[in-house]
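**Student:** The structure's right below; bear with me while I get my questions together.
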Amino acid sequence: MTDISGLPGFYRIAEADPGRRAVIDTDGTVTTYGELLARVNRVSHGLRARGLGPGDVVAGVLPNGIDAVVMLLATGQIGLYHVPVNWHLTEKEIDYILADSEARITVTPESGGTAALAEGQPETAPRDRTAGAVMWYTSGTTGFPKGVRRPLSGAEPEKSLPLYTWFLGETCDLRPGDGIHLVTSPMYHSAPCAHTLFALHLGHTLVIAPRFDPVTVLELIERHRVTNAMMVPTMFHRMLRLPPEVRGKYDVSSLRQVVHTGAACPVADKKQMMDWWGPVLYEYYGSTESAIAFAVKPYDWLERPGTVGRPAPTFEARILGPDGEELPPGEPGLIHVRSATNRFEYLKDPAKTAASMRDDWYAPGDIGYLDADGFLFLCDRRTDLIVSGGVNIYPAEVEAAILEHPAVADAAVIGVPDEEWGHVVVALVQPLPGPRPSAEELLEHLGPRLARFKHPRVVEFRDELPRTPTGKLSRSRVREDYLEHR
Numbered sequence: 001m002t003d004i005s006g007l008p009g010f011y012r013i014a015e016a017d018p019g020r021r022a023v024i025d026t027d028g029t030v031t032t033y034g035e036l037l038a039r040v041n042r043v044s045h046g047l048r049a050r051g052l053g054p055g056d057v058v059a060g061v062l063p064n065g066i067d068a069v070v071m072l073l074a075t076g077q078i079g080l081y082h083v084p085v086n087w088h089l090t091e092k093e094i095d096y097i098l099a100d101s102e103a104r105i106t107v108t109p110e111s112g113g114t115a116a117l118a119e120g121q122p123e124t125a126p127r128d129r130t131a132g133a134v135m136w137y138t139s140g141t142t143g144f145p146k147g148v149r150r151p152l153s154g155a156e157p158e159k160s161l162p163l164y165t166w167f168l169g170e171t172c173d174l175r176p177g178d179g180i181h182l183v184t185s186p187m188y189h190s191a192p193c194a195h196t197l198f199a200l201h202l203g204h205t206l207v208i209a210p211r212f213d214p215v216t217v218l219e220l221i222e223r224h225r226v227t228n229a230m231m232v233p234t235m236f237h238r239m240l241r242l243p244p245e246v247r248g249k250y251d252v253s254s255l256r257q258v259v260h261t262g263a264a265c266p267v268a269d270k271k272q273m274m275d276w277w278g279p280v281l282y283e284y285y286g287s288t289e290s291a292i293a294f295a296v297k298p299y300d301w302l303e304r305p306g307t308v309g310r311p312a313p314t315f316e317a318r319i320l321g322p323d324g325e326e327l328p329p330g331e332p333g334l335i336h337v338r339s340a341t342n343r344f345e346y347l348k349d350p351a352k353t354a355a356s357m358r359d360d361w362y363a364p365g366d367i368g369y370l371d372a373d374g375f376l377f378l379c380d381r382r383t384d385l386i387v388s389g390g391v392n393i394y395p396a397e398v399e400a401a402i403l404e405h406p407a408v409a410d411a412a413v414i415g416v417p418d419e420e421w422g423h424v425v426v427a428l429v430q431p432l433p434g435p436r437p438s439a440e441e442l443l444e445h446l447g448p449r450l451a452r453f454k455h456p457r458v459v460e461f462r463d464e465l466p467r468t469p470t471g472k473l474s475r476s477r478v479r480e481d482y483l484e485h486r
């Protein structure tokens with residue numbers, strides 16, 4: 001293969017080495033870098049032909065596959081914001097994101113995917129290329145999703161790519177070359193989406209799994225000699241539950257970097273995974289807003305089990321107490337990070353943006369402490385966000401849907417520790433006087449209102465839920481009471 005080590009990113013790599021394999025899709029179809037670039041260029045022209053220009057928004061409600069990849073790269077070279085939308089959401093939830101983002105165009109399989117945009121367009125690179133950005137939607141304590149928007153640089157896409165290449169090498173030992181990246185998670189989540197782009201900008205080949213299944217993942221690793229992947233701890237937990245004879249059937253010796261994030265990884269699971277796969281697990285801590293703020297390589301983690309790493313390059317960190325004072329090593333407090341290379345705002349919500357910052361320091365909302373060497377250890381989440389299987393679930397959103405039931409007076413939704421999922425959703429419901437709805441009836445009620453992964457695993461009834469005199473729900477008390485009596 002062509003030496004691509006000095007080439008800045010996908011577009012230049014595709015021009016220099018068009019025969020390089022770019023994507024092995026869920027059905028096994030192979031697309032080369034040259035073929036992918038031609039399709040990307042045609043879609044970029046198609047978007048411009050529909051009147052879109054720098055700063056406009058395009059949404060994609062697309063499953064993992066070639067169309068989702070094309071949209072990322074096509075918008076990324078003509079200055080557009082691309083919003084990947086979770087296709088598991090209900091129609092009402094999707095409509096909210098499309099309206100809030102002011103998406104000019106929405107691409108779906110039903111609308112013809114990217115083929116409709118590419119039809120009749122040239123394969124040449126568009127003129128006046130300028131970097132776009134992905135605008136992922138995340139939620140806060142209100143439960144309503146918010147777009148995390150970063151400023152557009154106005155420069156060619158290639159200008160910033162050397163920085164990203166250096167950053168990935170420093171944090172994850174990922175470098176340009178002939179790597180094989182396994183896509184295991186939906187690309188509407190920020191980390192899997194970002195790692196998909198990273199892989200192509202490094203000249204790697206994407207292998208897209210149809211869905212996460214422990215045996216399927218092992219088969220793909222062996223068949224394609226996968227070298228790197230991005231996963232979440234729940235996946236490790238499920239793979240470790242496979243019988244030893246099944247695990248032993250597959251050759252995973254090609255793996256070099258398996259990056260994980262999305263939730264705290266149980267120390268026991270991570271040690272078992274490294275016993276099985278070797279010292280190839282790289283961990284980082286961050287958020288859609290902060291990006292990769294802390295990172296830890298395998299041997300550093302083995303020396304300090306449980307850490308999520310030291311501040312990543314360009315990042316600074318500090319731990320603050322309740323009065324804003326900086327805390328010494330070993331003392332838990334609210335984590336704050338900052339970086340000159342990472343700026344964002346919540347779309348249409350300057351108050352939320354300001355509330356998340358202290359001067360130029362961002363608070364992800366988690367409690368943790370730094371040890372004497374600057375390694376971060378997480379304690380708990382300050383916010384009520386539930387992370388289940390690496391996916392964010394927001395209690396207020398679930399509560400609002402439950403409260404739409406005519407027989408419900410009040411509801412409290414909490415996350416409860418679970419060995420496999422990290423946390424599971426538990427709903428405590430206060431019914432109105434009269435006939436009490438069953439748990440099954442409430443779950444049926446949630447069907448058209450919430451995506452299935454947000455549904456409570458447990459529904460219990462309470463005569464009364466604790467609220468303050470101002471009407472605020474004391475969620476911490478609800479959680480403590482539940483755990484005490486479960």
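If you count the sequence shown from 1, position 37 lands on 37 in UniProt numbering, and the numbers rise without skipping.
Beta carbons: idealized from backbone N, C-alpha and C, even for Gly.
Do H195 and V183 come within 9 Å of each other at the CB atom, strictly closer than that value?
**Tutor:** Walking along the sequence shown from the start, residue 183 turns up at place 183. Walking along the sequence shown from the start, residue 195 turns up at place 195. Contact flag set, yes.
**Student:** Using a beta-carbon distance below 9 Å, is G415 in contact with chain C?
**Tutor:** In summary, chain C is missing from the structure at hand, where a single protein chain is found.
**Student:** Would DSSP call T470 helix, strand or coil?
**Tutor:** Taking the sequence shown and counting its residues from 1, one reaches residue 470 at position 470. Unreliable placement is indicated for T470, whose pLDDT of 40 sits below 50; the coordinate value is still reported in the next sentence. Correct three-state label for T470: coil.
**Student:** Considering only C-alpha positions, which residue in the set C379, L334, M357 and H336 is nearest to E345?
**Tutor:** In the sequence shown, residue 345 corresponds to position 345, counting from 1. If we check each option's Cα against that of E345, M357 comes out closest.
**Student:** Once you ignore the five residues that flank A317 on each side, which residues in its own chain have a CB closer than 6 Å to its CB?
**Tutor:** As a first step, residue 317 is located in the sequence shown; it is residue number 317 there, counting from the start. Hits under 6 Å: P311 and V337.
**Student:** By the 10 Å Cβ neighbour count, where 16 or more other Cβ atoms means buried, how is I485 classified, buried or exposed?
**Tutor:** If you number the sequence shown from 1, residue 485 lands on position 485. Just to set this straight, residue 485 is His in the shown sequence, not Ile. Counting Cβ neighbours within 10 Å, H485 comes out exposed, since fewer than 16 surround it.
**Student:** For M231, which beta-bridge partners are listed by DSSP?
**Tutor:** On the sequence shown, position 231 is the one that residue 231 refers to. Paired residue(s): H260.
**Student:** Reducing DSSP to helix, strand and coil, say where Q272 ends up.
**Tutor:** One-based indexing of the sequence shown puts residue 272 at position 272. Three-state DSSP puts Q272 in a helix.
**Student:** Label E110 either buried or exposed according to how many other C-beta atoms from any shown protein chain fall within 10 Å of its C-beta, with 16 as the threshold for buried.
**Tutor:** By 1-based counting over the sequence shown, the position of residue 110 is 110. Its Cβ having fewer than 16 others within 10 Å, E110 is exposed.
**Student:** From G79 to I367, what does the alpha carbon distance come to, in whole angstroms?
**Tutor:** Locating residue 79 in the sequence shown gives position 79, counting from the first residue. Locating residue 367 in the sequence shown gives position 367, counting from the first residue. Cα to Cα, G79 sits roughly 36 Å from I367.
**Student:** Return the Cβ separation of T171 and A155 in integer angstroms, given the expectation that the two are a contact with Cβ distance under 8 Å.
**Tutor:** Within the sequence shown, the letter at position 171 stands for residue 171. Within the sequence shown, the letter at position 155 stands for residue 155. At roughly 23 Å, the Cβ-Cβ gap does not stay under 8 Å, so T171 and A155 are not in contact.
**Student:** Looking only at DSSP bridge pairs, what is G333 linked to?
**Tutor:** Residue mapping note: residue 333 aligns to position 333 of the sequence shown, counting from 1. In DSSP, G333 forms a bridge with G368.
**Student:** How would you label P84, buried or exposed, when you count the other beta carbons within 10 angstroms and need 16 or more for buried?
**Tutor:** Position 84 of the sequence shown holds residue 84. Buried.
**Student:** When the Cα atoms are used, what is the spatial distance from residue 487 to F167?
**Tutor:** The chain is shown only over 1 to 486; residue 487 falls outside these bounds and no answer can be derived.
**Student:** Cα separation between A264 and V217?
**Tutor:** Sequence index remark: in the sequence shown, residue 264 carries index 264 (1-based). Sequence index remark: in the sequence shown, residue 217 carries index 217 (1-based). So the two alpha carbons sit approximately 21 Å from each other.
**Student:** Note down the Cα distance separating G262 from K92, rounded to an integer number of angstroms.
**Tutor:** Looking up residue 262 in the sequence shown gives position 262. Looking up residue 92 in the sequence shown gives position 92. Taking the straight line joining both Cα atoms gives about 26 Å.
**Student:** Between which two residues does the alpha helix (DSSP H) containing residue 531 stretch?
**Tutor:** Limits of the chain in this structure are 1 at one end and 486 at the other, which puts residue 531 out of reach.
**Student:** So, at 7 Å on beta carbons, what are the nonlocal neighbours of D349 in its own chain, with the 5 sequence-adjacent residues on each side left out?
**Tutor:** Counted from its first residue, the sequence shown places residue 349 at position 349. Excluding positions up to five away in sequence, the list reads K146.
**Student:** Exposed or buried, which one is F453 when buried takes at least 16 other CB atoms within 10 Å?
**Tutor:** Reading the sequence shown from its first residue, position 453 is the one you call residue 453. Exposed, by the Cβ-count rule.
**Student:** Please tell me whether P214 and I4 are closer than 9 Å, where the distance is taken between their beta carbons.
**Tutor:** Against the sequence shown, residue 214 aligns to sequence position 214. Against the sequence shown, residue 4 aligns to sequence position 4. No; because the gap between Cβ atoms is not below 9 Å, this pair is not in contact.
**Student:** Would you list, in sequence order, the uninterrupted alpha helix (DSSP H) runs of no fewer than 4 residues that lie entirely inside the UniProt domain "AMP-binding enzyme C-terminal" (397 to 472)?
**Tutor:** Whole alpha helix (DSSP H) segments, 4+ residues: 439 to 446.
**Student:** Leaving out five residues on either side along the sequence, give the residues of the same chain with a beta carbon under 8 Å from the beta carbon of L202.
**Tutor:** Along the sequence shown, read from residue 1 onward, the residue named residue 202 stands at position 202. Excluding positions up to five away in sequence, the list reads T165, L168, L174, R175, P176, G177 and G179.
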